[in-house]
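Let me begin by presenting the structure, written as structure tokens, before commenting on it.
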Amino acid sequence: MLSSPPPTWLPEWAPQDAVMLTWPHAKTDWAAMLTDVQATFVEIAKAINQYQALLINCHTQHLLDNVRKQLCHAELDMSRVDLLVIPNNDSWARDHGPLSLTGGYLLNAQFNGWGSKYSASLDNDINQHVSDANHFLHPLTNTDFVLEGGSIESDGNGTVMTTTQCLLNPNRNAHLSRDEIESTVLELTQHQRIIWLTHGHLAGDDTDSHIDTLARFMPNNTIVFQGCDDPNDEHFEALNAMKNELSQALNADGKPYTTIELPWPSVKTNAEGQRLPATYANFLIINGAVLLPVYNDAQDQRAINLLAQVMPKHDIIPIRCTSLIQQFGSLHCVTMQLTQGSLKR
1 MLSSPPPTWL PEWAPQDAVM LTWPHAKTDW AAMLTDVQAT FVEIAKAINQ YQALLINCHT
61 QHLLDNVRKQ LCHAELDMSR VDLLVIPNND SWARDHGPLS LTGGYLLNAQ FNGWGSKYSA
121 SLDNDINQHV SDANHFLHPL TNTDFVLEGG SIESDGNGTV MTTTQCLLNP NRNAHLSRDE
181 IESTVLELTQ HQRIIWLTHG HLAGDDTDSH IDTLARFMPN NTIVFQGCDD PNDEHFEALN
241 AMKNELSQAL NADGKPYTTI ELPWPSVKTN AEGQRLPATY ANFLIINGAV LLPVYNDAQD
301 QRAINLLAQV MPKHDIIPIR CTSLIQQFGS LHCVTMQLTQ GSLKR
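In structure tokens, the structure reads:
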């Protein structure tokens, strides 16, 4: 009898069971703005809950009880919400959550706090705790390789897209060469090739240029990317160099992608004057909808309209993410989709 092929990493638009969130709490950098960021999480959770289930990690039982009250007050369908007590360092589920594979399998890579910039030992254990709590249908597929969900994209046709600044950074897998990193990523994802972007970075981003802040694969051989049309902006040169790289990128069949440029939001800064990484590329695709981060910006509606053209069968749901960017991330960064057939529900 022939053995089954290894599970393959799925594109984000593949059918999903749920989305994982890790709820902000007072023992994190969110403490000073906890009310605002929790309100944003409620808005995200309510939007997702209209289409599919939620799996929410809570630092303590006290927080779990509070989250349940918040979600009930927001009138979520609580039959589609699983709340778990799991200690955690922070709320960036995109990078500590598991990657979705075919057959309902989940890949559990190592998370080291974006190159040991921040404490991450609790976050690195979250997926195993969820598995131990009997929520996943299959045992986790574990690897010692350091890999964050926000650092790679799949086109669903054998091609991975990433940035050299992140995946080749010695603060992740310093013992491996570029060729070894590439072969490991391709083996883990069962993909055939990688598009390495060498340009593109957002001021305030502390992930070493995660691809999900810059360029995203979409269905129908399409890439949407964060553009910059202001020649006086510090991002203009790098993002336009990235635009040129994307225009030359080829898929596994040797054909170019259709590339669509997202509008450039105005400068956003924190109270100290530090620039914040506001990007429209950091959206989340779920079953039947796209959750798009918006920033009370004049370009918000243009971004909504563009995504509606790219995903005409999906509802486009704008989510105000001015609170999230205060900690240098946005909507995609705090969410992780879990593929259809991965949960025991």
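Sequential numbering from 1 applies to the sequence shown in full-length UniProt numbering.
Glycine included, each C-beta is placed from N, C-alpha and C at the ideal position.
From a predicted model like this one, the values you see are computed outputs, not experimental measurements.
Could you pull the start and end residues of the alpha helix (DSSP H) that residue i belongs to?
i, result
"Trp-264", "It is not in any alpha helix (DSSP H) - Trp-264 carries neither H nor E in the DSSP assignment."
"Met-242", "236–248"
"Lys-41", "It is Phe, not Lys, that sits at residue 41 in the sequence shown. It spans 34–49 - the alpha helix (DSSP H) in which Phe-41 sits, taken as one unbroken run."
"Val-185", "178–189"
"residue 355", "The structure shown has nothing for residue 355, since the chain only spans 1 to 345."
"Asp-208", "That residue, Asp-208, is in no alpha helix (DSSP H); it is neither H nor E in DSSP."
"Leu-147", "No alpha helix (DSSP H) contains Leu-147, which DSSP labels as neither H nor E."
"Ile-285", "Premise fails: Ile-285 lies in the beta strand (DSSP E), 284–286, not in any alpha helix (DSSP H)."
"Ala-93", "93–96"
"Arg-302", "300–310"
"Asn-171", "170–173"
Please classify residue i as buried or exposed, where buried requires at least 16 other C-beta atoms within 10 Å of its C-beta.
i, result
"Ser-116", "exposed"
"Asp-77", "exposed"
"Asp-208", "buried"
"Arg-178", "exposed"
"Ser-154", "buried"
"Ala-120", "buried"
"Cys-333", "buried"
"Pro-170", "exposed"
"Thr-192", "Note on identity: in this sequence residue 192 is Gln, with Thr being the wrong assignment. Exposed is the call here."
"Pro-24", "buried"
"Pro-15", "exposed"
"Asp-132", "exposed"
"Arg-345", "exposed"
"Gln-274", "exposed"
"Asn-232", "exposed"
"Asp-82", "buried"
"Gln-38", "buried"
"Ala-31", "exposed"
"Ala-303", "buried"
"Thr-28", "buried"
"Asn-112", "buried"
Which partner residues does residue i have in the DSSP bridge list?
i, result
"Ala-53", "Ala-18"
"Met-161", "Glu-153, Ile-195"
"Val-294", "Arg-320"
"Val-224", "Arg-216, Ile-260"
"Ser-119", "DSSP output for Ser-119 lists no bridge partner at all."
"Ser-4", "Per DSSP, none; premise fails for Ser-4."
"Phe-136", "Leu-343"
"Leu-101", "Trp-9"
"Thr-141", "Leu-107"
"Cys-58", "Val-85"
"Ala-289", "Ile-286, Asp-315"
To the nearest whole angstrom, what separates the beta carbons of residue i and residue j, a pair I think is in contact under 8 angstroms?
i, j, result
"Ser-323", "Thr-40", "5 angstroms"
"Asp-205", "Thr-198", "The Cβ separation is near 16 angstroms, so there is no contact."
"Met-336", "Arg-94", "5 angstroms"
"Pro-263", "Gln-299", "4 angstroms"
"Ala-45", "Leu-34", "So it is not a contact: roughly 16 angstroms between Cβ atoms."
"Phe-145", "Asn-173", "6 angstroms"
"Asp-123", "Asp-90", "6 angstroms"
"Gln-190", "Pro-11", "Rounded, the Cβ-Cβ distance is 13 angstroms, inconsistent with contact."
"Ala-47", "Leu-291", "6 angstroms"
"Leu-176", "Thr-164", "In fact, because the Cβ distance is near 14 angstroms, the residues do not count as touching under 8 angstroms."
"Leu-64", "Val-85", "5 angstroms"
"Gly-200", "Met-161", "With 8 angstroms as the limit, Gly-200 and Met-161 do not qualify as a contact, their Cβ atoms being about 11 angstroms apart."
Could you check whether residue j and residue i sit closer than 9 angstroms to each other, using their CB atoms as the reference points?
i, j, result
"Leu-188", "His-235", "no"
"Ile-260", "Thr-222", "yes"
"Gln-326", "Leu-276", "yes"
"Ala-281", "Asp-315", "no"
"Trp-9", "Leu-101", "yes"
"Thr-159", "Asn-251", "yes"
"Glu-148", "His-73", "no"
"His-210", "Ser-151", "yes"
"Phe-136", "Leu-106", "yes"
"Asp-297", "Ala-278", "yes"
"Leu-338", "Val-19", "yes"
"Leu-167", "Pro-98", "no"
"Ala-238", "Phe-225", "no"
"Asp-125", "Leu-343", "no"
"Met-21", "Asn-57", "This sequence places Leu at residue 21; Met is not what is there. Against a cut-off of 9 angstroms, the Cβ pair of Asn-57 and Leu-21 comes out as a contact."
"Asn-287", "Tyr-51", "yes"
"Gln-340", "Gly-156", "no"
"Pro-318", "Val-294", "yes"
"Thr-258", "Asn-305", "no"
For the beta strand (DSSP E) containing residue i, name the first residue and the last one.
i, result
"Leu-338", "336–339"
"Leu-106", "106–110"
"Leu-83", "81–85"
Is residue i close to chain C? Criterion is C-beta to C-beta, closer than 9 angstroms.
i, result
"Gly-150", "Within the model displayed, chain C is absent; a lone protein chain is all it includes."
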